[in-house]
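Protein chains in written order, with our numbering: chain A, 1 to 396; chain B, 1001 to 1310.
Positions of the beta carbon are idealized from the N, C-alpha and C atoms, including for glycine.
If you're wondering where the values come from, they're calculated on a predicted model, not measured in any experiment.
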């Protein structure tokens, strides 16, 4: 076997997980384009945008172990700011007549394209995340979770109470529909690569080390607060971009769209999929999106002639999350990425030496639900990804 | 006149704060025993609210009793079904679990009892009767709120200090594993803790619904948020701290709301939560613990100075 082939295999191996995941996205996109059904397209867009958020969450919460309840706030900021930059000037002059002059002077005439507006929205979200991240990064555990929750409430209150900038509690309408499934799919694929690259980067590694054992990470000179801060801001950027894309596809939105409901769905998707891996984020999003949207169809059209009451979809998501937490706390993927196929593994020494592979039998055993005891040498790895540890004395 | 208005604001704020002190106490109890930040606590209030709606024609006493019973049962069931299986998980997993329970109960209510037209419980007319004592308006409801909150706080203290189960509970709060080792039955203590939070939630619920009157599937969210962060301010690790924190935030929210100009008063929650973030950064374990640390550092310093002087 030539060395160039071995080298190619090695490179392929490095990008294997994001490559496979992006391929799945591309296939979904292709199906949507081919089917040309409006409802299917809307469902796929929901899936894509949810997935971007879940990926942002994976990047911050999955790597750091600090749960965020707040990134939807940055999404909201991105959605409103992006919308303000692309709406037609005449509409803005009537809808936002009360806007303070120092903002109105440049926001009213602004009429950017989707790309510039999305970039600006992501930028604003990142700046906000950089401000709010300063206190959050210094906290850990439950205190950090409460602080992020506070961010969500602050943003929601601000949006509702400031109609001169946001339209207040009314639905903001008239955003041009400029985002297409293609644009969103590409943005999503880039996000997948970026989030995976972050996880593998030195920052991601330090952050994951601090998640497993904060004191040990500090003892090898990891600046935990700084690493958390970096991840927090990047996740804010991704959320802001997702918000702008959301605004330019669904064209109308209101403050409750960016509150606890969405936060809950995103967290559920991440936890059900497995919050320690990018593959988990993608798998969880697909799984719960199918469950959720099927149930939503049931609420509107009925399933087998029975119309399920509205709220069923959300209830199902809650039940799925509870079941996952009880039965499989590490999520569907249990923190693993996309496995390198067995047929290629026999090919060379490169494959065998790579870290993070679990023997196929173990995977089968795990998938069948019979865990841990007969799993052999790989158990320690699987176990370390699990989140069901007994609280130890130092946590108290 | 201004002083009288300020006092008036003070009375409203205090009865509001007392309500949140009771709520934060319930949260702190669970946090102490099993490191659980219970989002679903707000839904206990919602369950109580709808129980009141369906029993409102039975008269005041049966309504109150049935509501308390229903909320306690739901609280205990919640523990059995959702929290017992994840008992030994990390605090983060518990937090997410309670988030799921909260959201699930909201949706279940949304699908069943909260459907259709807006429901509400009409407050009894005698509750809104006002007395004028020393120039202050004081409604029966304010008096009742203060009374119930006071009784509950004192009762809880007695329960925790004087009874066996209370001592077991406190022992488990201090060190759960050690308590188990000396023979305290964990399941019983935790069920008991949930029952107590149910009782507290029922009391809060009744007083809250009599005040506001309206019911919805999401009615528990805002009071929960305030008690949640109030508890965090005071320190959920200690019951006193949490109750004080809940009280402070309740008073604060009410005072901000009435003292800000009208076009800013909508931002109350925003200011309150900015304050919370600030407190968390200065004292992640709550202000009470910070106060204790400052106090002990201060007394140590004084001791050193005295020794030097001598």
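**Q.** Any C-beta of chain A under 8 Å from that of residue 1266/B
**A.** yes
(Q) Strictly by DSSP, which residues pair up with residue 253/A? (A) 172/A
**Q.** Chain-ordered neighbours of residue 58/A on chain B, where CB pairs are closer than 9 Å
**A.** Here the premise fails: no neighbours, minimum Cβ distance about 14 Å.
Q) Can you list the residues of chain B that residue 310/A reaches, using a CB-CB cut of under 9 Å? A) 1110, 1111 and 1115
Q: Check each residue of the segment 1141 to 1168 of chain B: if its Cβ is closer than 7 Å to any Cβ of chain A, include it; give the result in chain order.
A: none
Q: With a 10 Å radius around its C-beta and 16 neighbouring C-beta atoms as the bar for buried, classify residue 1060/B as buried or exposed.
A: exposed
Q. From the beta carbon of residue 218/A, is the nearest beta carbon of chain C less than 8 Å away?
A. Considering every chain present, this structure includes no chain C. Its protein chains are A and B.
Q) Ends of the alpha helix (DSSP H) at residue 3/A? A) 3 to 14
(Q) Just verifying my parser: in three-state terms, what is the DSSP assignment at residue 64/A? (A) helix
Q) Using the beta-carbon count (16 or more within 10 Å), is residue 1178/B buried or exposed? A) exposed
Q: Identify the contact partners of residue 1220/B in chain A, using a Cβ-Cβ distance below 9 Å as the criterion.
A: Result: empty, since nearest Cβ-Cβ is about 12 Å, beyond 9 Å.
**Q.** When 314/A, 229/A, 147/A and 269/A are compared against residue 1284/B, the one with the closest alpha-carbon
**A.** 147/A
Q.
What does the Cβ neighbour count give for residue 1297/B, buried or exposed, with the cut at 16 atoms within 10 Å?
A. exposed
Q. How long is the line joining the alpha carbons of residue 191/A and residue 233/A, rounded to whole angstroms?
A. 14 Å
Q | Helix, strand or coil at residue 1214/B according to DSSP, with G and I counted as helix | A | strand
Q.
Does residue 1230/B come out as helix, strand or coil in the three-state DSSP assignment?
A. helix
Q: Going by DSSP, name the residue or residues bridged to residue 1119/B.
A: 1215/B
(Q) Let's test the definition: count the other Cβ atoms within 10 Å of the Cβ of residue 323/A and tell me whether it reaches 16, buried, or not, exposed. (A) exposed
Q. Between the C-alpha atoms of residue 1047/B and residue 1028/B, what's the straight-line distance to the nearest angstrom?
A. 20 Å
Q. What three-state label does DSSP hand residue 1185/B in the structure shown?
A. coil
**Q.** Straight-line Cα distance separating residue 1202/B from residue 242/A
**A.** 41 Å
Q.
By the three-class DSSP mapping on this structure, what secondary structure does residue 1016/B have?
A. helix
Q | Where residue 29/A falls: helix, strand or coil (DSSP) | A | helix
Q | Sub-8 Å separation of residue 72/A and residue 293/A beta-carbons | A | no
Q) Does residue 333/A have its Cβ less than 8 Å from a Cβ in chain B? A) no
Q) Is the Cβ of residue 233/A closer than 8 Å to any Cβ of chain B? A) no
Q | Whole runs of the alpha helix (DSSP H) within the segment 114 to 164 of chain A, excluding any shorter than 4 residues | A | 114 to 137 and 141 to 161
Q | CB contact check: residue 138/A to chain B, cutoff 8 Å | A | yes
Q) Just how far apart, CA to CA, sit residue 1241/B and residue 1161/B? A) 16 Å
(Q) So, under 8 Å CB-CB, residue 397/A and residue 1219/B are touching, yes? Tell me the CB distance rounded to an integer number of Å. (A) Because chain A here runs from 1 to 396, residue 397/A falls outside it and cannot be looked at.
Q: Determine the direct distance from the alpha carbon of residue 1023/B to that of residue 1269/B, and round the result to whole angstroms.
A: 18 Å
Q. Can you list, in chain order, the residues of its chain whose CB lies under 7 Å from that of residue 69/A, leaving out five sequence neighbours each side?
A. 145, 148, 149, 152 and 263
Q) Can you tell me the Cα-Cα spacing of residue 20/A and residue 8/A, whole angstroms? A) 16 Å
Q: Kindly give me the distance between the Cβ atoms of residue 240/A and residue 75/A, rounded to whole angstroms, as I take these residues to be in contact under 8 Å.
A: 7 Å
Q. Using the C-alpha atoms, what's the distance from residue 279/A back to residue 363/A?
A. Legend: pLDDT at residue 363/A = 46, less than 50; position of this residue unreliable, value from coordinates given subsequently. Approximately 15 Å between the Cα atoms of the pair.
Q) Since residue 1107/B meets chain A, which of its residues come closer than 7 Å, beta carbon to beta carbon? A) 311, 314, 315 and 318
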